[in-house]
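Peer 1: Before we start, here is the structure in question, set down as structure tokens.
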Amino acid sequence: MRKSLLGLGFLLSFMTFPLAQQVNPFLLPERANSRINASVEIAKQLRNMGYNRIAVVYMETSDLCALFSASLVASLKTLGTEAYYIKGGDGLGERLKLLQPSHVYMAYFGERPPAEVQTQFNQDLRKVLEYDRKPSLILQPSLLACNGLCKRCSCGRGPLFRPSGASHAQLCL
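If you read the sequence shown in the working numbering, its first letter stands for residue 87, the second for the next number, and so on.
Take a look at the structure:
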């Protein structure tokens, strides 16, 4: 009996049992492929418009934003544009100082709730604005649909993207 149990234990140690995995529905091929295709087209447009030294900052809690950003950077590099892939959140300011991009593409959208996207975007936008070189901002078009992101500037120069709590003098140049 003892030998049987030891033998069974020995055999079971070599067997693998599939573990239940939580699948992110936003990373299924039918959803991810459209984002990848969009990133290739956006890369072509950025290249044709003369953008270079682009840091693509993505929302740290979004797998879909990370996938889109990686695809955008790969496409930009394939087209001969200098581009970097940067995770938002802690350490963003230090990475910007290290890479010194001329432009920052903010890739914030996707599978997270709009309030979370807005909060993370506001936090990371503040970090980008604190960066001493003040790169131009390129915003993901879907950011315009976020809650109250686009506000009218009182100086009459058009729409202003203002993180909550930022003063007019900080953002309207």
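Cβ atoms here follow ideal geometry from the backbone N, Cα and C, with glycine treated the same way.
Just the C-alpha distance for Gly174 and Ser157, rounded to the nearest angstrom, thanks.
Peer 2: Taking the straight line joining both Cα atoms gives about 16 Å.
Peer 1: Quick one: what's Lys173 bridged to in DSSP?
Peer 2: Bridge partners of Lys173: Tyr144.
Peer 1: Using only the alpha-carbon positions, how far apart do Val190 and Ala141 sit?
Peer 2: Cα to Cα, the separation comes out at about 5 Å.
Peer 1: So what does DSSP say about Ser222, is it helix, strand or coil?
Peer 2: Three-state result, Ser222: strand.
Peer 1: Count the other CB atoms within 10 Å of the CB of Asp218; is the residue buried (16 or more) or exposed (fewer)?
Peer 2: So Asp218 ends up on the exposed side.
Peer 1: Quick check: what's the CA-CA separation for Gln131 versus Ala124?
Peer 2: Each residue's Cα considered, the two are about 11 Å apart.
Peer 1: Taking only the alpha-carbon atoms, compute the straight-line gap between Glu216 and Leu225 and give it to the nearest angstrom.
Peer 2: So the two alpha carbons sit approximately 17 Å from each other.
Peer 1: Please classify Ser222 as buried or exposed, where buried requires at least 16 other C-beta atoms within 10 Å of its C-beta.
Peer 2: So Ser222 ends up on the exposed side.
Peer 1: If you draw a straight line from the alpha carbon of Leu153 to that of Gly179, how long is it in whole angstroms?
Peer 2: The alpha-carbon atoms of Leu153 and Gly179 are separated by roughly 22 Å.
Peer 1: Measure the C-alpha to C-alpha separation of Leu184 and Leu165 and round it to an integer number of angstroms.
Peer 2: Rounded to the nearest angstrom, the two C-alpha atoms are 23 Å apart.
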